[in-house]
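K.L.:
For the protein sequence lines, the chains are A and B, in the order given.
The opening position of the first sequence corresponds to residue 1 in the numbering used here, with each subsequent residue numbered one higher.
The opening position of the second sequence corresponds to residue 1 in the numbering used here, with each subsequent residue numbered one higher.
Ideal placement from N, C-alpha and C gives every residue a C-beta, glycine not left out.
Keep in mind it's a predicted model, so treat the numbers as computed, not measured.
Could you have a look at this structure, given as C-alpha cells, before my questions?
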Amino acid sequence: MWPEGIESVTQAATAFTIMFGVIFPAISIGWIGSKAMESIGRNPEASGGILTSMILVAALAEAIAIYALVVALAIKFV
Amino acid sequence: MNLQALKTPRGRLTLLFVVLVIGGLFAVGVLREEAELPAISLAAEEIPLPFSLPFYGNHIPNTLPSTFLTMAILILIGLAYNRAQRQEGPPSRFRVAVEAVAEGMLNFMENAVGEKAKLFFPLVATFFLFIAISNWCGILPGFGSIGVWALPHAEEAHAAEHEGEEIAAEPGEELELIPLFRSANAHLSTTLALAIVSVAAAQYFGFKALGVSYLNKYLNFRASSPKPDPTQKGLQGIVSKFARGIEIIVNGIVGLIEIILEVLKVLPFSFRLFGNIFAGEVLLFVVSFLFAFVFPVIFLGLELFVGLIQGLIFAMLTLVFFSVATTSHHDEESH
Chain A
1 MWPEGIESVT QAATAFTIMF GVIFPAISIG WIGSKAMESI GRNPEASGGI
51 LTSMILVAAL AEAIAIYALV VALAIKFV
Chain B
1 MNLQALKTPR GRLTLLFVVL VIGGLFAVGV LREEAELPAI SLAAEEIPLP
51 FSLPFYGNHI PNTLPSTFLT MAILILIGLA YNRAQRQEGP PSRFRVAVEA
101 VAEGMLNFME NAVGEKAKLF FPLVATFFLF IAISNWCGIL PGFGSIGVWA
151 LPHAEEAHAA EHEGEEIAAE PGEELELIPL FRSANAHLST TLALAIVSVA
201 AAQYFGFKAL GVSYLNKYLN FRASSPKPDP TQKGLQGIVS KFARGIEIIV
251 NGIVGLIEII LEVLKVLPFS FRLFGNIFAG EVLLFVVSFL FAFVFPVIFL
301 GLELFVGLIQ GLIFAMLTLV FFSVATTSHH DEESH
C-alpha cells in the first residue's frame, strides 16, 4: 500500500496515532473511576449499581483507544 | 487442596501425568525453533475449499466456522435445557444454572427499562449470549494457530484458478498459514450485521409501540408555538409568521439529522465490538510470542473479562436504543 522507502514514516505515524489516541481515553477513564469512587464514598449502599455503570462507561471510553489502536494497526500492517 | 488424594496410586498417577505434561510443554518451548510472528490481517482470512459453496464460492472467511461453533453451543444448551425442564423430580444443576443466567439478565434489564424489559428480552439476551460466547470461544486453544498453508490473498488464488493453474506458490510468492478459526467478532461483517439487526429492530419496536406517530421523530413539520393570530397586522404579524416558518424548517432539518444519525449509529456500534475483539486477538498473539508461558495467562483472563463486558455493552446499548425508540416524544414534553 505504501511506497517503498518510507518505513520510518509509517513507523512514526503508528507510534503517534496510538500515543495521541490513548492520552484522552486514559484521562477519561481516570475521571470516571474517581467520580465513581467519590459517589460510592457518599452513598455506600448504591455501590453495586455504581460499579456496574462505572465499568460500562469505562469500557465505552476505552473503545475510543481501541479505535486508535485499529487505525494504528491498519497503518502498520495494511 | 486435598493432599490426601495425592497419596493414593491413582492420585500419584495423575500427579505424574500433570508433571509430565507441564514438563513437555516447557521442553517444547525451550527447544522450538525461533518462531516468527505470523502476519496479522485486519480482514478475515479466506480458507480455500476443495469444493464450491452456493454463496461463498471456493473460499469461506475463517470466522464462519467459529460463528457456527457459537451457534452450535447455544443451540445445544437450549436443547439440553429443554430436556432438563421436562425431567421430573428436583431440578438438575444444569437447569438451575441456565435459569439463574436468564433470570439475572432479566433482572438487569428490568432495573434499566422497567416493565418493557420482557418485550425486549429475547433479542437483547440473544445478543449478549452470542457475543459473550463467541468472544470466549475466540480464546480457545487452536484459534489462530491451527490452519492451512495457502496463498495469502484470495483474489490471487481466484485468478490462479481462472487460468486453470493449481493453487501453488509462484517462485516469488510465499504461502501463509491461514488459521481455520478466528474469533467471530474479529470480522467486521459479523459485527456490522449485529449492529444492523439492532438498529432495524429499534425501528420495528418503535412502530409497534407508537404506531405511525413514531414517524414524527423523523418527519416533523409542526411548530410547537401557538398559531399566530391572522388578524394581527403590521410588523408584529409578519415577524410572528416568519418565526413560525423558521421553526417548521428547523424541525424538518432536525428530523433529517435524526434519520442520518440513526443510519450512522451502525458504524461506531460495529467498530467498537470489532476493534475490541480484534485488538484482543492481536494482544494475545504478540504477548504469547514475547513470553511463551505463564505470562500470557494474565492476558487470557483479561480477554475473558473484555469479552463479557463487550457483550454487556452491546446488549445494554441495544436496550437503550429500544427504550428510546418506544418512548413517545410527547410524553417527554408533557413532563
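What's the gap between the Cα of Pro9(B) and the Cα of Leu16(B)?
P.N.:
If you take the alpha carbons of Pro9(B) and Leu16(B), they lie about 10 Å apart.
K.L.:
Using a Cβ cut-off of 8 Å, pull out every chain A residue sitting near Asn216(B), in sequence order please.
P.N.:
The contacting residues do not exist; Asn216(B) stays about 29 Å from chain A at best.
K.L.:
First and last residue of the beta strand (DSSP E) that includes Ala223(B)?
P.N.:
Premise fails: Ala223(B) is in no beta strand (DSSP E) and is neither H nor E.
K.L.:
Do you know how far the Cα of Phe121(B) is from the Cα of Glu115(B)?
P.N.:
Approximately 11 Å, taken between the alpha carbons.
K.L.:
Look at the alpha carbon of Gly280(B) and the alpha carbon of Val9(A), and state the distance between them as a whole number of angstroms.
P.N.:
C-alpha separation (whole angstroms): 26 Å.
K.L.:
Straight-line CA distance for Gly311(B) to Ile23(A)?
P.N.:
If I take the Cα positions, the gap works out to 25 Å.
K.L.:
Output the boundary residues of the beta strand (DSSP E) element that contains Trp149(B).
P.N.:
Its beta strand (DSSP E) spans residues 147-150.
K.L.:
Below 8 Å between beta carbons: does that hold for Ala184(B) and Ser66(B)?
P.N.:
Closer than 8 Å, so yes.
K.L.:
Which residue wins for smallest C-alpha separation from Ala195(B), given the options Pro50(B), Ile313(B), Pro54(B), Leu49(B)?
P.N.:
Nearest of Pro50(B), Ile313(B), Pro54(B), Leu49(B) to Ala195(B), Cα basis: Ile313(B).
K.L.:
Look at Ala325(B) and Gln232(B) and say whether their C-beta atoms are less than 8 Å apart.
P.N.:
Not closer than 8 Å, so no.
K.L.:
List the residues of chain B that Ile66(A) touches, going by C-beta distances under 8 Å, in chain order.
P.N.:
Here the neighbours are Arg272, Gly275, Asn276, Ala279.
K.L.:
May I have the straight-line CA-CA distance separating Gln4(B) from Arg12(B), to the nearest angstrom?
P.N.:
Cα to Cα, the separation comes out at about 11 Å.
K.L.:
Could you please tell me which residues of the region 119-141 of chain B, in chain order, have their CB closer than 8 Å to any CB of chain A?
P.N.:
Answer set for the region 119-141 of chain B: empty.
K.L.:
For Cys137(B), which option in Leu290(B), Val297(B), Val320(B), Ile277(B) has the closest C-alpha, if you only look at C-alpha atoms?
P.N.:
Nearest option by C-alpha distance: Ile277(B).
K.L.:
Consider the Cβ of Met316(B): report whether some Cβ of chain A lies at a distance smaller than 8 Å.
P.N.:
Yes, Met316(B) lies at the interface with chain A (some Cβ there is under 8 Å from its Cβ).
K.L.:
Identify which residue in Ile22(B), Ile60(B), Ala43(B) has its Cα closest to the Cα of Phe51(B).
P.N.:
If we check each option's Cα against that of Phe51(B), Ile60(B) comes out closest.
K.L.:
Output needed for Phe274(B): all residues of its chain with C-beta closer than 6 Å, excluding positions within five of it in sequence on either side, in chain order.
P.N.:
Around Phe274(B): Leu188, Thr191.
K.L.:
Taking only beta-carbon atoms, is Val282(B) less than 8 Å away from chain A?
P.N.:
Taking Cβ atoms only, chain A reaches closer than 8 Å to Val282(B), which makes this a yes.
K.L.:
Between the beta-carbon of Glu45(B) and the beta-carbon of Pro179(B), is there less than 8 Å?
P.N.:
Going by C-beta atoms, Glu45(B) is nearer than 8 Å to Pro179(B).
K.L.:
Which residues of the region 40-67 of chain B have a Cβ closer than 9 Å to any Cβ of chain A? Give them in chain order.
P.N.:
For the region 40-67 of chain B, which is checked against every Cβ of chain A, the residues closer than 9 Å are Ile40, Ser41, Leu42, Ala43.
K.L.:
What does DSSP give as the partner residue(s) for Glu46(B) in the beta ladder?
P.N.:
DSSP, once it has assigned bridges, lists Pro61(B) as partnering Glu46(B).
K.L.:
Name the chain D residues whose beta carbon is nearer than 7 Å to that of Leu304(B)?
P.N.:
Absent from the structure is chain D; the protein chains it does hold are A and B.
K.L.:
Taking 8 Å as the CB-CB cut-off, is Val70(A) touching chain B?
P.N.:
So, interface residue.
K.L.:
Can you round the beta-carbon distance between Leu308(B) and Pro296(B) to whole angstroms, since I take them to be within the 8 Å contact cut?
P.N.:
Contact flag wrong, Cβ pair sits at about 19 Å.
K.L.:
Within the 8 Å Cβ cut-off, does Phe16(A) reach chain B?
P.N.:
For Phe16(A), the answer is no, since every Cβ of chain B falls outside 8 Å of its Cβ.
K.L.:
Within 8 Å (strictly less), CB to CB, does Leu194(B) reach chain A?
P.N.:
Chain A, which has no Cβ nearer than 8 Å to the Cβ of Leu194(B), makes this no.
K.L.:
Taking 8 Å as the cut-off, decide whether the C-beta atoms of Ala58(A) and Ile29(A) are in contact.
P.N.:
Yes.
K.L.:
Flag Phe77(A) as yes if its beta-carbon sits less than 8 Å from any beta-carbon of chain B, otherwise no.
P.N.:
Closer than 8 Å: yes.
K.L.:
Does the beta carbon of Ala13(A) come closer than 8 Å to any beta carbon on chain B?
P.N.:
It does not; no Cβ of chain B falls within 8 Å.
K.L.:
Quick one: is Ala26(A) near chain B, going by C-beta distance under 8 Å?
P.N.:
It does not; no Cβ of chain B falls within 8 Å.
K.L.:
Can you find at least 3 beta carbon pairs, one from the region 122-135 of chain B and one from the region 66-83 of chain B, that sit closer than 8 Å?
P.N.:
Touching, yes.
K.L.:
How far does the beta strand (DSSP E) with Ile32(A) in it extend, from its first residue to its last?
P.N.:
No beta strand (DSSP E) holds Ile32(A); the alpha helix (DSSP H) holding it covers 7-42.
K.L.:
So that I know if they touch, is there some Cβ in chain A lying closer than 8 Å to that of Leu13(B)?
P.N.:
No, Leu13(B) lies away from the interface with chain A (no Cβ there is under 8 Å from its Cβ).
K.L.:
So Trp240(B) and Phe321(B) are supposed to be a Cβ contact under 8 Å. How far apart are they, rounded?
P.N.:
Correcting the residue type first, residue 240(B) is Ser in the shown sequence and not Trp. That pair is no contact at about 38 Å.
K.L.:
Exposed or buried, Arg42(A), counting other C-beta atoms within 10 Å across all chains shown (16 or more means buried)?
P.N.:
So Arg42(A) ends up on the exposed side.
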